[in-house]
Amino acid sequence: MKGRKLLMIPGPIEFEPKVLQALGTPTDSHVSPNFIETFGNSLELMREVWQSKTGQPFIMAGSGTLAMDMAVVNFIEPNDNVLVISTGYFGERFADICKRYGANVTILTTEVGNIVSLNTIEKELSTKNYKLLTITHVDTSTGVLVNPEPIAKLAKKYDTLSVLDGVCSVAGEEIKQDKWGIDVVFTASQKAIGVPPGLALLMVSEKAMGVFKNRKTPVQNYYADFTNWLPIMNAYENRNPSYFGTPPVNLITALEVSLQQITSEGMETRFLRHKKIATAFREAILTLGLKLLPIDKNISANTLTAVYYPENIERGTFLKHIGNNDIILAGGLLPSHKTKYFRVGHMGSVNNNDILATIAAIESSLINCNFPFEIGIGVKTALKILNE
Ligand SMILES: Cc1ncc(COP(=O)(O)O)c(C=O)c1O
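Counting in our numbering, the sequence shown runs from 585 upward without gaps.
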């Protein structure tokens, strides 16, 4: 007996046994040759995962919100203009962070489940000089997927830095940071990167590092300041000991293992696996007669799916029954819709068994709630897609 439930929430996810074993190894000194090698390797492996040969990686102790903080505070100075393109809860958080550091923030948003059009973004960029724009690749509150490539192109055209929140996408959704010209792409360890919570990971373009180096005022956050951390990242990459703040030795040891697993699977294979599992899950949900939050399949994430509860179903009973079937799903997050939907994470080490078991548990719960549907149709639909 496994002794635990299957965690199908959008992070933390199920972790690979070898990653957990690495986490549990005796803690090394942060300046021991072994750990210096592990840190250096991890920085190098990040470049492969982000597909950025020229980017500057940062590995930080902190959650994804620290990565958001670092991705803006190091560039903006008081009264700079920032454009936030929001598709949910985490876009709003970006706006809050930028305002806290004294930026003039404009938020572009649209109805829940939709994306902001490129026309709208370009129109806004042409009105004033924006220092930076933010994009949430996958907003975990809505399951909406934004294509960052054309937005990054627009940012370049208007000489604006592009910052991509990839917390729910890096190593799950396709990202080619250099090719797509995105200035900052960041994530947190607990999602598709596959390491327990506690690491903030950023990749910063040469152009963005230039903007940081030319700033006129000090960075308004001591811990998040690249000035403190750039020499540390450079030292570890050059395999030299260094110290500013004690690095989370065990988490970085686990990160190296996970990044090795990710790169040996291969980025293209990994993206396709996520796409296939997500498609199977979405199609199964639709054949069951349920509705998705994203208004179109083309803007539905491959790392998680947000699903409306069917009408007349008591959500507590629905999720509890799924829990009784040993699967944990997440409730809603977007304040305006919190009680209307649930979320299923399918990223990282997720496999066909996990998604089939989840669909079966959802079917079981629908039966328990007296929701009318053809029993087995969800599993059948998913199996067909998974076996193609
Ligand atoms: C898209 C997105 N951005 C930012 C965050 C914040 O990350 P953390 O909770 O690790 O601070 C999350 C967390 O789920 C997220 O999904």
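Backbone N, C-alpha and C define an ideal beta-carbon position, used for all residues, glycine too.
- alpha helix (DSSP H) containing Thr871: first to last residue? Met851 to Thr871
- Query: Gly962 and Leu872: beta carbons closer than 8 Å?
  - Reply: yes
- Could you check how far apart the C-beta atoms of Ala792 and Leu717 are, in whole angstroms? I think they sit under 8 Å. With 8 Å as the limit, Ala792 and Leu717 do not qualify as a contact, their Cβ atoms being about 12 Å apart.
- Message: For His721 and Lys924, I'd like the C-alpha separation in whole angstroms.
- Response: 23 Å
- Message: Whether or not the stretch 812–826 and the stretch 751–761 are in contact is what I'm after, with contact meaning three or more pairs of Cβ atoms, one per stretch, closer than 8 Å; do they touch?
- Response: no
- Quick one: measure Cβ to Cβ for Thr726 and Thr801, integer angstroms, because I've assumed they're closer than 8 Å. Contact flag wrong, Cβ pair sits at about 35 Å.
- Message: If you measure from each CB to the nearest heavy atom of ligand 1 and keep those under 5 Å, what residues do you get, in chain order?
- Response: Ser647, Gly648, Thr649, Phe674, Thr724, Asp749, Val751, Cys752 and Ala772
- Item | When Lys602, Asn658 and Cys752 are compared against Ser647, the one with the closest alpha-carbon | Cys752
- Quick check: the stretch 881–901 against the stretch 652–666, are there 3 or more CB pairs under 8 Å? no
- Three-state secondary structure assigned by DSSP to Ala838: helix
- Query: Can you tell which of His921, Leu590, Pro894 and Pro617 has its C-alpha closest to the C-alpha of Leu950?
  - Reply: Pro894
- So is Pro878 buried or exposed if we call it buried at 16+ other beta carbons inside 10 Å? buried
- Is Met592 near ligand 2, in the sense that its beta carbon is under 7 Å from a heavy atom of that ligand? Looking at this structure, you won't find ligand 2 anywhere; what it does contain is ligand 1.
- Task: Provide the residue span of the alpha helix (DSSP H) that contains Pro617, from first to last.
- Result: Pro617 to Trp634
- Task: Return the Cβ separation of His976 and Pro781 in integer angstroms, given the expectation that the two are a contact with Cβ distance under 8 Å.
- Result: The structure shown has nothing for residue 976, since the chain only spans 585 to 972.
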